[in-house]
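Numbering (our numbering), first residue to last: 6 to 192. Shown next, in structure tokens, is the structure this report addresses.
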């Protein structure tokens with residue numbers, strides 16, 4: 006099964022690595038390939054032809070999920086730390102789903118902060134699932150939201166620190182738009 010996962014609308018094109026024949030046929034029709042992984046032969050990045058969405062290849066692997074009890078800013082639901090095995094590789098959206106991409110699939114734009122290249126917002130989990138269903142129907146491929154484990158595995162990017170860039174929240178401004186530096190708008 007293949008899937009496309011959404012964060013603040015991120016999509017996962019994933020769970021099964023297709024055969025070489027499927028790769029030759031299916032990827033040509035729906036995706037532009039942008040480089041290949043030497044171990045698996047899978048594209049390292051693809052661009053969806055209909056929507057323009059980019060997805061990156063996430064290999065199978067293991068990681069420690071959750072955060073330690075003594076981690077600064079830790080929420081109560083982030084533990085205990087435990088080993089998770091991601092058994093199948095998948096593709097995950099490289100960027101948030103934009104308003105233009107959402108509009109292409111859903112036919113409407115629910116966002117408060119308008120702009121074709123801005124991330125879509127004001128959508129619920131149910132809306133994201135519906136987006137995946139509609140895109141799946143249009144493309145005859147399975148698109149889905151990533152699991153919590155897939156999302157954390159991809160976000161950690163092989164690191165063992167609190168953030169992909171280290172342990173210090175004070176460096177956050179260099180890596181992310183959020184409440185403190187976002188000036189009350191999306192980016």
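Using N, Cα and C, we set each Cβ at its ideal position, and we do this for glycine too.
What are the boundary residues of the alpha helix (DSSP H) that residue i is part of?
i, result
"residue 140", "130–144"
"residue 161", "153–161"
CB-CB under 7 Å to residue i, same chain, minus the five flanking residues each way: which ones, in chain order?
i, result
"residue 173", "none"
"residue 71", "83, 84, 85, 86 and 87"
"residue 192", "182"
"residue 176", "170"
"residue 157", "70"
"residue 78", "174"
"residue 100", "59"
Under 8 Å by Cβ, that's how I've got residue i and residue j pegged, so tell me the actual separation to the nearest angstrom.
i, j, result
"residue 128", "residue 115", "6 Å"
"residue 51", "residue 95", "Actually they are not in contact, since the Cβ atoms of residue 51 and residue 95 sit about 12 Å apart, beyond 8 Å."
"residue 137", "residue 149", "5 Å"
Please name the residue or residues paired with residue i in a DSSP beta bridge.
i, result
"residue 168", "171"
"residue 124", "103"
"residue 4", "Because the chain is modelled from 6 through 192, residue 4 falls outside the range shown and cannot be assessed."
By Cβ distance, which residues of its chain are closer than 8 Å to residue i, with the 5 residues on each side in sequence left out?
i, result
"residue 166", "172"
"residue 44", "64"
"residue 123", "103, 104, 116, 191 and 192"
"residue 92", "65"
What span of residues does the beta strand (DSSP E) with residue i cover, start to end?
i, result
"residue 177", "Neither: residue 177 is in no beta strand (DSSP E) and is coded neither H nor E."
"residue 50", "50–53"
"residue 97", "95–98"
"residue 118", "No beta strand (DSSP E) contains residue 118, which DSSP labels as neither H nor E."
"residue 59", "59–63"
Identify, in the order they occur along the chain, each residue of the same chain with its Cβ nearer than 6 Å to the Cβ of residue i, setting aside the five sequence neighbours on each side.
i, result
"residue 139", "110"
"residue 125", "14, 102, 104, 107 and 116"
"residue 185", "none"
"residue 178", "186"
Practice prompt. Decide yes or no for the touch test of the segment 48–58 against the segment 106–124: beta carbon pairs closer than 8 Å, at least 3 of them.
Written response: Touching, per the Cβ criterion.
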